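Going by the working numbering, the sequence shown runs without a break in its numbering and finishes at 373.
These notes are about the structure you will find just below.
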Amino acid sequence: MAGVRFCEVEKRFGKTTVIKPLDLEVDDREFMVLVGPSGCGKSTLLRMLAGLEEVSAGTITIGDRVVNDLPPRERNIAMVFQNYALYPHMTVKENLAFGLKVRKTPRAEIERRVLDTARLLEIESLLHRRPRELSGGQRQRVAVGRAIVRQPTVFLFDEPLSNLDAKLRVQMRAELSSLQRRLATTTIYVTHDQVEAMTLGQRIAVLRDGVLHQVGPPLELYQRPADTFVASFLGTPPMNLLPAELTQGGEALLLDGVTVPLSPPQRQAVLGSHSEKVLVGIRPEHVLAGAVPGTVAVRVEVKVTEALGGEVVVHSSLAGAPLVARLGPTCAASLGEVITLSLPADRFLFFDATTSKRLPTPDEVAPTTGNP
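Right, here's the structure in full:
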């Protein structure tokens, strides 16, 4: 087994830089998820690791080997694509065995590995079918099996669940997570779906426009995002980011005309701002219905409600910015109604309005970011 390291890796297409100098380490046997919006460079990063794209600058290391100039077949990686890439004229068994035959693996070893993989993925009954006779979920299992049977050093997954329906995606997420734990193989998984990232990854690397914004465990990124991009990208609905101004001396904030007293650690955090303006971040699930003592009570007009069975999502605005609340299923707010919401100040995060960076309080560890 082996870890993976990107050191000052850069990718350019002509004069366009799609990956800016990037450093990232993936530990041996770790499940790392690369997440970000379309066009952020995550698939390009994966393709460079696989040897399908050249590295413009920097080095990529698998274990103790620099692989920049190695052809794909010598890197001992296996990749699962979004479109499955199964051979339509071959049976499931032949698809699983094909890569081993190309590598001239002995026939008895091929048979053993194929059967072991089929049992692991519970596709033994499908071995004599062709891809057109399989459902989407079954095809995905075969694609994963074709990677497993090679017993690679590193697994690469490029948005493998995008073609599945919502229910099957949930099932396959659980299966992939369980499978990775059993195989204990270094895995790098690319997705634009933040739910997949949060539920699958031991750590997450968040990218935008070829820049690595933050790396860390899912809950760390959710609770202590490095900047407003990470804060708004992870979470459904995303974090509320409300503009506020510091009072003289930084003793309090003015939030839509309401004075919000700050605790000593909060005061020290906001005093690190580059200006008198900050953004107050609060997750929708932390917004409360009604006037709650000890919180910041605000009056807002309901613009949209979403009844989701177990909760009601209420959309409104405050200080010129969207304010979204996830409230209990008995919430009866209606369109156009003016209601009271409460914002617990102890749930606030603060972001510099100029740099978009989060302002950490003295009693916490600063967020783990990617490139400086």
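Note that beta-carbon positions come from the ideal geometry of N, C-alpha and C, so glycine has one too.
For clarity, every value in this text was computed on a predicted model and none was experimentally measured.
If you count every other CB in all the chains shown that lies within 10 Å of the CB of residue i, and 16 or more means buried, which is it?
i: F14; result: exposed
i: K12; result: buried
i: T296; result: buried
i: H214; result: buried
i: D166; result: exposed
i: N84; result: exposed
i: V299; result: buried
i: D364; result: exposed
i: E197; result: buried
i: V103; result: exposed
i: S44; result: buried
i: T192; result: buried
i: A175; result: exposed
i: V67; result: exposed
i: P294; result: exposed
i: S126; result: exposed
i: S274; result: buried
i: L336; result: exposed
i: Q172; result: exposed
Which value, in whole angstroms, describes the spacing of the CA atoms of residue i and residue j?
i: T271; j: Q195; result: The sequence given here has Val at residue 271, not Thr. Approximately 29 angstroms between the Cα atoms of the pair.
i: L47; j: V155; result: 11 angstroms
i: S264; j: L328; result: 27 angstroms
i: G211; j: E338; result: 43 angstroms
i: G62; j: P153; result: Reading the sequence as shown, one finds Thr at residue 62 and not Gly. Rounded to whole angstroms, T62 to P153 spans 15 angstroms at the Cα level.
i: K105; j: L116; result: 18 angstroms
i: L50; j: V259; result: 51 angstroms
i: P238; j: V303; result: 16 angstroms
i: V207; j: L23; result: 12 angstroms
i: E55; j: V314; result: 46 angstroms
i: T341; j: S233; result: 24 angstroms
i: F352; j: V279; result: 6 angstroms
i: E123; j: M91; result: 19 angstroms
i: V36; j: V261; result: 35 angstroms
i: L97; j: R142; result: 11 angstroms
i: I283; j: G291; result: 17 angstroms
i: A334; j: T200; result: 31 angstroms
i: A326; j: V301; result: 11 angstroms
Residue i and residue j look like a contact to me (Cβ under 8 angstroms); what is the Cβ gap, rounded to whole Å?
i: A3; j: G52; result: With a Cβ gap of about 15 angstroms, A3 and G52 do not count as contacting.
i: D159; j: M240; result: With a Cβ gap of about 28 angstroms, D159 and M240 do not count as contacting.
i: K94; j: H129; result: 7 angstroms
i: T362; j: Q224; result: Rounded, the Cβ-Cβ distance is 13 angstroms, inconsistent with contact.
i: S357; j: F230; result: 7 angstroms
i: L87; j: A148; result: Their Cβ separation, rounded to whole angstroms, is 12 angstroms, which puts L87 and A148 out of contact at 8 angstroms.
i: P219; j: G236; result: The Cβ separation is near 11 angstroms, so there is no contact.
i: R359; j: A227; result: 6 angstroms
i: F42; j: I20; result: In the sequence under discussion, the amino acid at residue 42 is Gly, which differs from the Phe named in the question. About 5 angstroms separates the two Cβ atoms, so the contact holds.
i: L101; j: R151; result: 7 angstroms
i: L289; j: S343; result: 4 angstroms
From the DSSP output, in three-state form, read off residue i for me.
i: D28; result: coil
i: P226; result: coil
i: M199; result: helix
i: D65; result: coil
i: L344; result: strand
i: E11; result: strand
i: L272; result: coil
i: M1; result: Because the chain spans 2 through 373 in this model, residue 1 falls outside it and cannot be assessed.
i: A98; result: helix
i: L55; result: A small fix is needed here, since residue 55 is Glu in this sequence, not Leu. E55 falls in the coil class under three-state DSSP.
i: L184; result: helix
i: H129; result: coil
i: Q152; result: coil
i: K21; result: strand
i: R209; result: strand
i: P373; result: At P373 the pLDDT is 44, less than 50, meaning the model places this residue with poor confidence; the figure from the coordinates comes in the next sentence. P373 falls in the coil class under three-state DSSP.
i: G4; result: coil
i: T260; result: strand
i: R359; result: strand
i: V315; result: strand
i: D117; result: helix
i: V36; result: strand
i: R327; result: strand
i: P265; result: helix
i: H214; result: strand
i: G250; result: helix
i: A109; result: helix
i: L220; result: helix
i: V297; result: strand
Measure from the C-beta of residue i to each C-beta in chain B and report whether the shortest distance is under 8 angstroms.
i: T192; result: In the structure shown, chain B does not exist; there is a single protein chain.
Please indicate yes or no: does the CB of residue i lie closer than 7 angstroms to some heavy atom of the ligand HEM?
i: P238; result: Ligands are entirely absent from the displayed structure, and the ligand HEM is therefore not among its contents.
Inset, instruction - Give a yes or no on contact between the segment 19-34 and the segment 187-207, applying the rule of three or more CB pairs nearer than 8 angstroms. - result: yes
Legend entry - the segment 343-363 touching the segment 307-315, judged by at least three CB pairs closer than 8 angstroms: The segment 343-363, when compared against the segment 307-315, does not touch it at the 8 angstroms Cβ threshold.
Inset, instruction - Could you tell me whether the segment 318-329 touches the segment 226-246, using the rule of 3 or more Cβ pairs below 8 angstroms? - result: yes
Inset, instruction - Pair every Cβ in the segment 131-146 with every Cβ in the segment 67-78, then say whether three or more of these pairs are closer than 8 angstroms. - result: no
Legend entry - Cβ pair count under 8 angstroms reaching 3, the segment 97-117 against the segment 65-72: no
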